[in-house]
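The sequence shown begins at 0 in numbering that gives the first Met the number 0 and counts up by one.
Just so it is clear, CB atoms sit at the ideal spot from N, CA and C, and this is done for glycine as well.
Step one of this worksheet: look at the structure below.
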Amino acid sequence: MRIPSTSSLSIQCKDMQHHRITGSFGFKDFDGTAEESTYWNKATEEEKQELKKKHVATGVCLLCMIDELLPKSPERRRAVPAETDQKRNREEIIPTAAPRKKIVGGIINRAFERAEASSPNLKVSWTWYNEDAEIISWTLQNISAQQATGILFRNSYYFGNAYWPIYKNNPGFGVTFESNLEPLSDKSIRNNSAPLGVVSWKQADGSYKSIVAFVFTLSPGQTWQMLEAGFSHLRPPQNIGIFEVSQVSKADSFTLAYDQEQVDAWDAQTGNSDKGYSPNPNVISTVQVLAPPEAPFEQLFKGDSIHQGSVQIPAAKEDELARKEQVVTDNEVKEEEEKQLHQQQQEEEQAPIELEASASSTTSSGTKSLWSLLGKQTSSGKN
């Protein structure tokens, strides 16, 4: 069972004999008994989310938490024995060994801590940068006399293919989409970040299958380093490969849509509320590189999609329609207000004219004058 997690807490597992825990950046894999797997598969989504959150917050093994929820069958009780009367009444008392003094220190097995992979022109290796914080450093070298560009594969997916919408939308990561394959600038290992690009695999029918990932371009003899978090002794970088790519096009337009699951997974494991870019999908200008045949095609989130050129974006179309409807509504309200104001002004202008015409008419006929009319109204008011 795989869950998203970058918890920096040490794994607390009570049954390492039956539980196997591995993982890569952003994920942990738990392999246990058939009974534990059955419980997980039958659990509701709410129950799974609750267990995930507890693991991230406490570091307690997911399988151990499931064990606590399983009914205690006789076999399970025997597997985790408790102190019983039979044990307390043993005839033979076995003396316990004195606790050994903890000795701090010891050199590190460098063969384990550092692994390398190479291509004809590039070489990549890793080592611990801050083991307590689960941070490693990648070192990329161009061992040739020509410029070379590569993509980095480790732990079953390509570096940068996870959470790229988060990287793109949050300037603090310092990640941009590459517009041309130029050698990486060295801003120091703590500040270095690689650019993103569209990595494509050409199919038999001439079409492309593509992903978004980091692309590393190094000048002849250049050495460049970058940090990555989420590793430990239980889940170190594994199955490392560096694959050289060739440029298909310089900055070109691609309609990129991302799977919302990777944004949700990032927020769940970090406790943040970072967002991917909007609208989704969006048209982004970037380079396209071609992966070699020996590079495996791996797309971490299946909901990601890439289309060359600018295609119709539903979200943008809906926004534009809503904006036009709002403009129409605003214009209608404005026209109605102007119509009512104009009508009111006409009535105000017409009233004195009618009153003056009435006064002139009654005076000339000798029947009534304006003053007699007002006097009559005054006398009427007293009654």
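The C-beta of Gln287 has 16 or more other C-beta atoms within 10 Å across all chains shown, which makes the residue buried. Linking Ile65 to Met0 through their CA atoms gives a straight-line distance of about 12 Å.
Phe300 and Glu67 have their C-alpha atoms spaced approximately 32 Å apart. Residue environment for His18: buried (at least 16 other C-beta atoms within 10 angstroms of its C-beta).
The stretch 194-262 is shown to contain whole beta strand (DSSP E) runs of 3 or more residues at 195-201, 207-213, 215-217, 222-228, 240-243, 245-256, in chain order. Exposed is the label assigned to Pro291, since fewer than 16 other Cβ atoms lie within 10 Å of its Cβ.
Boundaries for His54: no beta strand (DSSP E) harbours it, while the alpha helix (DSSP H) harbouring it runs 44-57, taken from the DSSP string.
Here Met225 is buried, its C-beta having at least 16 other C-beta atoms within 10 Å.
In the assembly as shown, Lys208 is an exposed residue. Its beta-carbon has fewer than 16 other beta-carbons within 10 Å. When Trp127, Ser155, Ala116, Glu130 are compared, the shortest CA-CA separation from Asn141 is found for Ala116.
Counting other Cβ atoms within 10 Å of its Cβ, Thr57 stays below 16 and is therefore classed as exposed. Bounds of the alpha helix (DSSP H) holding Ile165 are 163-168.
Setting aside the 5 residues that flank it on each side, Ser178 is surrounded in the same chain by Ala250, each with a C-beta closer than 6 Å to its C-beta; the list follows chain order. Annotation for Ser36: the continuous alpha helix (DSSP H) segment containing it runs 33-41. Our two residues, Val211 and Phe29, have alpha carbons roughly 28 Å apart in a direct line. Taking the CA atoms as reference points, Gly240 sits about 44 Å from Pro70.
For Glu115, the secondary structure class from DSSP, reduced to helix, strand or coil, is strand. The beta-bridge partner set that DSSP reports for Ser136 consists of Thr126, Leu226.
In this structure, Thr269 keeps its C-beta atom at 8 Å or more from the C-beta atom of Gly308. Three or more Cβ pairs closer than 8 Å define a contact, and the stretch 266-283 falls short of that threshold against the stretch 123-139. Rounded to the nearest whole angstrom, the CA to CA distance from Ser143 to Gln11 is 46 Å. Here Arg189 is exposed: its Cβ has fewer than 16 other Cβ atoms, across all protein chains shown, within 10 Å.
With respect to Tyr156, Ile150 sits apart: the two C-beta atoms are not nearer than 8 Å.
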